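In the working numbering, the protein residues as written are 2 to 371.
Using N, Cα and C, we set each Cβ at its ideal position, and we do this for glycine too.
Predicted model only: the values in this text are computed from it and were never measured.
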Ligand SMILES: *Cc1c(COP(=O)(O)O)cnc(C)c1O
């Protein structure tokens, strides 16, 4: 029995080995290694791909979120509404600017922020709503933007998992005030190391992030604000430019695999992913739920299928956030999801035979489990 890997990153790099090495050679031979032609080239390409007017490359996804919040003027005393069931980076960005995290539960169907609950969580101190397009499915940005408009708030969306996901047919990236991206190697568009970006259609916000990422400076040795060093690396920008032309068809392969899973797993006693009306997913992850998840995962492992859990511990139960632990009962959905979610192998290089093995293993495991 061969093992089905959760995600084959090496295959993605192998497929594009020649254009990646060509891009790296170009960057190596340029003689200019920080904020040069490669970052400019990728920023233009990424703005155009996402449909946003501006893209600003930064060092990673966490910095994209943090600098985005800073550009929106978020700081101590402000509240930011975040999902209770996200990757901890979403929360850490809010904490990094000294603001207060206000966790809101997801919809049980989509795993994305529940708009009605967001509305109830808004207070006089709320400044930003920070939805995450979790697992690749676009969050319900239209009602969130309408709510933000009504209450005078800003929306910063965490698009680390959703390169190409759409709302009413339009790609995320230019639909809110600011969008934060990660190009961590395992994301749908991944660098060969850390990388990130912010996109926006607001020239003033783009400019603020551009200055913040580079020591608060526009002109060398003139520091307007207390910025940081969070520049997108030239070599990573070159790699991203080489990979971007493949993103659409790689996303399409993910969609085809997800559609097959949806069809062929429908009869099993699993909760399969559900999309909200009007949105699409780029299937960064294919996440099912099962009440005895750990046993199911072990059965799959015994049948050669690698799975992962996104995420085993919600942020409010992490030692990093001890103040939330006593109130953990306030987020029962996120708490239960952490015990029930299981991510199946999905990715542009998962072969048809591997998909068949995943489906057969699940059928057998569910029979064994009942
Ligand atoms: C990956 C990820 C991030 C952080 O990105 P890094 O580039 O690793 O800093 C933030 N939010 C979500 C939802 C992610 O999946």
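Checking the 7 Å criterion, the Cβ of residue 63 is within range of a heavy atom belonging to ligand 1. As a beta-bridge residue in DSSP terms, residue 172 pairs with 167.
Between the region 55-69 and the region 205-223, the count of C-beta pairs closer than 8 Å reaches three or more; the two stretches touch. Relative to ligand 1, the beta carbon of residue 158 is positioned no closer than 7 Å to any heavy atom. C-alpha of residue 368 to C-alpha of residue 341: approximately 18 Å in a straight line.
Going by beta carbons, residue 231 and residue 214 fall inside the 8 Å limit.
Of the candidates 72, 187, 49, 128, the residue whose Cα lies closest to the Cα of residue 172 is 49. Under DSSP, no beta-bridge partner is assigned to residue 12. For residue 353 and residue 144, the gap between their C-alpha atoms comes out near 38 Å. The alpha-carbon separation between residue 148 and residue 87 amounts to approximately 21 Å.
Between residue 169 and residue 279, the CB-CB gap stays under 8 Å. Below 8 Å, enough C-beta pairs join the region 130-146 and the region 76-84 to call them touching: three or more.
Ligand 1 never approaches residue 124 closely enough for any of its heavy atoms to be under 7 Å from the residue's Cβ. For residue 182, the enclosing beta strand (DSSP E) begins and ends at 179-183. At least 8 Å separates the beta-carbon of residue 137 from that of residue 344. Secondary structure at residue 58: strand, using DSSP grouped into helix, strand and coil.
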